[in-house]
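In our numbering, the protein residues as written are 3 to 417.
Next up, the structure:
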């Protein structure tokens, strides 16, 4: 059976959703999705097609937006976006089986069309249009699509053709690789090539995708390893990924970070480190994992030229004990913070393993460890049942605590 894949992408998903909710036309409305309460440096998550057609990028800072009359600032509603994304997935599941969908992100998914073309008696473009029309009929949201012989080709068709103009569907074949893809430059315009790799390829005299496709494969492997082979294959439209082979990533670390809206003193920052460690250790224990390394990164006040610091420590043995993690975090923090104010905090646990075995320290009483473990388990159970705000430190009631605010966020934004 011939492989045919479509990738469906929701056009300006967040801003489109906000316009639909307000009964506004996204193609005529100056609306951006960002939380203005976070100041001029807050990130804009989405802009309407109206603004994009004016040259405004979909990702920028609020302070970078031009002064446009009647601009609407929509506070992100992450919970609603996730619910709407799930609704869109369910619409596609009315057309195909779950094995033939790969959800790539909140606003993008791949669909294996091949097995269904005969059943629907449709061409790939006709079947894809049926899906896009159904999404619009049920949600009033506009979707775009790319179709190709593999996932890569579908994605390239979407990014380089499908998103540009109605009917927002583009279909590529191998012929389009030479005629359209090879002309693309700079290289970072192609899906999967970062600015960093673009610079390294430019240093080798490779400036367009065509240059890359016609470079010696052996040279690319020598310079970039396995990625070099992938770069060569992608530039030639080769992608052997099977949409039905679901990739389940191994967790190599758990992390948590936050950017603060104002300067925090040493004691205030320590309060946040304790709160963050409480949340992250609960997550670790819920996954029945133990960590053997901890890492902390601190960013100073933006006007502080020293920038910040980051350090990691290997623990004596793998553990899920939040007290052990906290002791190491605070030891590093107190050693390096000095007189600096804190504006960014990032903590992580690494070297994760799955084990029920608890190793004792030579300097710790077994009963003390057992009591502490039972207390942590009880707190975890209460949080899992009643929510993260059901058990808090008393310091989390202070004005500068961020625990309750973070617990009401998804991806760093209000639910």
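For glycine and all other residues, C-beta sits at the position ideal for the given N, C-alpha and C. Small disclaimer: the values here were computed from a predicted structure and weren't measured.
Pick from the options that is closest to residue i, judged by C-alpha positions
i, options, result
"residue 346", "300, 244 and 61", "300"
"residue 246", "117, 395, 13 and 331", "117"
"residue 352", "282, 304 and 369", "282"
"residue 174", "324, 344, 217 and 7", "7"
"residue 312", "293, 333 and 63", "333"
"residue 233", "242, 243 and 222", "222"
"residue 317", "302, 119, 287 and 354", "354"
"residue 404", "277, 315, 214 and 381", "277"
"residue 326", "189, 375 and 181", "375"
"residue 244", "101, 32 and 260", "101"
"residue 189", "120, 302, 208 and 274", "208"
"residue 177", "237, 322 and 78", "237"
"residue 85", "109, 72 and 201", "109"
"residue 181", "170, 195, 239 and 124", "239"
"residue 72", "58, 81, 31 and 36", "31"
"residue 402", "274, 89 and 394", "274"
"residue 372", "261, 225, 322 and 55", "322"
"residue 269", "107, 303, 336 and 308", "336"
"residue 194", "309, 4, 235 and 292", "235"
"residue 271", "89, 338, 201 and 58", "338"
"residue 48", "225, 57, 36 and 55", "36"
"residue 303", "329, 328, 286 and 261", "261"
"residue 5", "242, 259, 24 and 201", "242"
"residue 165", "377, 55 and 410", "55"
"residue 328", "377, 296, 410 and 24", "296"
Short Cβ contact (9 Å threshold) for residue i with residue j
i, j, result
"residue 284", "residue 191", "no"
"residue 199", "residue 257", "no"
"residue 67", "residue 46", "yes"
"residue 150", "residue 158", "yes"
"residue 51", "residue 29", "yes"
"residue 87", "residue 12", "yes"
"residue 130", "residue 105", "no"
"residue 70", "residue 95", "no"
"residue 75", "residue 34", "yes"
"residue 350", "residue 319", "no"
"residue 141", "residue 22", "yes"
"residue 298", "residue 314", "yes"
"residue 408", "residue 263", "no"
"residue 10", "residue 121", "no"
"residue 127", "residue 171", "yes"
"residue 136", "residue 77", "no"
Whole-angstrom C-beta distance between residue j and residue i, which should lie under 8 Å
i, j, result
"residue 156", "residue 148", "5 Å"
"residue 111", "residue 91", "7 Å"
"residue 183", "residue 144", "About 25 Å; that fails the 8 Å criterion."
"residue 63", "residue 43", "6 Å"
"residue 279", "residue 331", "6 Å"
"residue 391", "residue 379", "Incorrect: roughly 19 Å between the Cβ atoms, too far for contact."
"residue 229", "residue 214", "12 Å between Cβ atoms; not a contact."
"residue 356", "residue 290", "6 Å"
Classification of residue i by the beta-carbon crowding that lies within 10 angstroms, buried from 16 upward
i, result
"residue 266", "buried"
"residue 396", "exposed"
"residue 344", "buried"
"residue 103", "buried"
"residue 168", "exposed"
"residue 16", "buried"
"residue 197", "exposed"
"residue 388", "exposed"
"residue 79", "buried"
"residue 342", "buried"
"residue 399", "exposed"
"residue 370", "exposed"
"residue 340", "exposed"
"residue 205", "exposed"
"residue 185", "exposed"
"residue 429", "This structure gives no information on residue 429, because the portion of the chain shown stretches from 3 to 417."
Beta-bridge pairing of residue i - partner residues as DSSP gives them
i, result
"residue 11", "110 and 146"
"residue 173", "149"
"residue 260", "347"
"residue 316", "295"
"residue 76", "35"
"residue 48", "35"
"residue 255", "352"
"residue 62", "46"
"residue 310", "301"
"residue 103", "113"
"residue 321", "293"
"residue 266", "344"
Minimum Cβ-Cβ distance from residue i to chain B less than 9 Å
i, result
"residue 5", "Checking the listed chains, one finds no chain B in this structure; it contains a single protein chain."
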